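Take any residue in the sequence shown, count from 1 to its spot, add 1195: that is its number in the working numbering. Heads up, the beta-carbon is just placed ideally off N, CA and C, and yes, glycines get one too. The model shown is predicted, which means the values in this text are computed figures rather than measured ones. One structure below.
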Amino acid sequence: MSVLRIGTRGSQLALWQANTVKALLAQHGQEAELVVIKTTGDRLSEQNLSQAGGKNLFVKEIEDAMLRGDVDLAVHSAKDMPAELPSGLAVGSVLPRENPQDALVLPRRHAAHGRPFEDAIRQLGPMATVGTSSIRRAAQLRAVVPAARFEPVRGNVDTRLRKLDEGHYDALVLAAAGLRRLGLGDRISALVPIAVCIPAPGQGAIAIEIREDDLATRRAVQRLNDEDTATALEAERTLVAALGGGCQLPLGGIAQMTSDGQLELTAVVISPDASTTLRRKATGETTVPYALGGRVARMLLEDGAGAILERERQKLKAQG
């Protein structure tokens, strides 16, 4: 059995994810090795990504390496993957999802782990400076703290937390899944309720990308697939594709299984200043998650989401 080459970014979180896949493959008798690839997003590490323009900032170079045959598979944070993959590539497997919620992180001197969100917001105060490079997060949280100032924050997770503790920000908003995977779950002051801030499509999920015609690799990674997560992710990715969105746009979407075995998709498109918020929810059969994603996208487009997203695409194009 040949050794599989796993393409990955070199960040601490990316390496954790890739090593997790490597260990899971080993449990099934499949040896693998990591190939670290620097992406455009890594080279822009000190810039505000929402001003960098373009799509696929954290995956393009890895996908190119796969298409050249330099690596056999790639491990991604699913939220960073393009909604429409390059010809010849496919999602081969999805690991069980971590908590998809966003997390509010206060400085160590104020933090109390796991408090109610409302308590953390009260301690934060109305005029706080909140660090986040996500338009989606900032726009939705403006409804809760309209007077707060939202500032971009870059660097790896440790760098961001250091800047927070040094007083550059009053709070950060980060993905809860990333903090927990890095053993930093104790820094989560409060989870942001999904009713307040709908996560990015794919947030909390780890996806394994393969070449479409590589049947041996497909068989190897398919053993790691979590069906519920894969179903939810397909609905979310269909939503993004139908809206022409990407991780730099103010678009949220989360699909979850209901108690009666159906799939519920909740989505939001919001203007960056939070003056217009479009939310839609629908339920569908788990056998056709793409149909649910398309249906919710059409509902949002009928509400006027296309105009909001197009304005943001034009801004990104002008910046990039």
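**OP:** Please classify Glu1404: is it buried, with 16 or more other beta-carbons within 10 angstroms of its beta-carbon, or exposed?
**Re:** buried
Original post:
Cβ atoms of Gly1399 and Pro1484: under 8 Å apart, would you say?
Top reply: no
Subject >> Buried/exposed call for Lys1217, threshold 16 Cβ in 10 Å >> reply: buried
**OP:** Consult DSSP for Gln1457 and reduce its assignment to one of helix, strand or coil.
**Re:** coil
Original post:
At what residues does the alpha helix (DSSP H) containing Glu1361 begin and finish?
Top reply: Premise fails: Glu1361 is in no alpha helix (DSSP H) and is neither H nor E.
Original post:
With 16 other CB atoms within 10 Å as the buried threshold, where does Leu1460 fall?
Top reply: Residue environment: Leu1460 is assigned as buried (16 or more neighbouring CB atoms within 10 Å of its CB, all protein chains considered).
Subject >> With 16 other Cβ atoms within 10 Å as the buried cut-off, status of Pro1467 >> reply: buried
Original post:
Since Leu1496 and Ala1430 are thought to touch, with beta carbons under 8 Å apart, how far apart are those beta carbons, to the nearest angstrom?
Top reply: Wrong, their Cβ atoms sit about 16 Å apart, outside the cutoff.
Subject >> Ile1201 beta carbon less than 8 Å from that of Ala1209 >> reply: The answer is no: Cβ separation not under 8 Å.
Original post:
Under the rule that 16 or more other beta-carbon atoms within 10 Å means buried, what is Glu1505, buried or exposed?
Top reply: Exposed: under 16 other Cβ atoms inside 10 Å.
**OP:** Report the three-state DSSP secondary structure of Ala1395 (helix, strand or coil).
**Re:** coil
Original post:
With 16 as the cutoff for other CB atoms within 10 Å, does Thr1426 come out buried or exposed?
Top reply: Buried.
Original post:
Using a Cβ-Cβ cut-off of 8 Å (strictly less than) and excluding sequence neighbours within five positions of Leu1199, which residues of its own chain qualify?
Top reply: The residues are Leu1220, Gln1225, Glu1226, Ala1227, Glu1228, Asp1267, Leu1268, Thr1412 and Ala1415.
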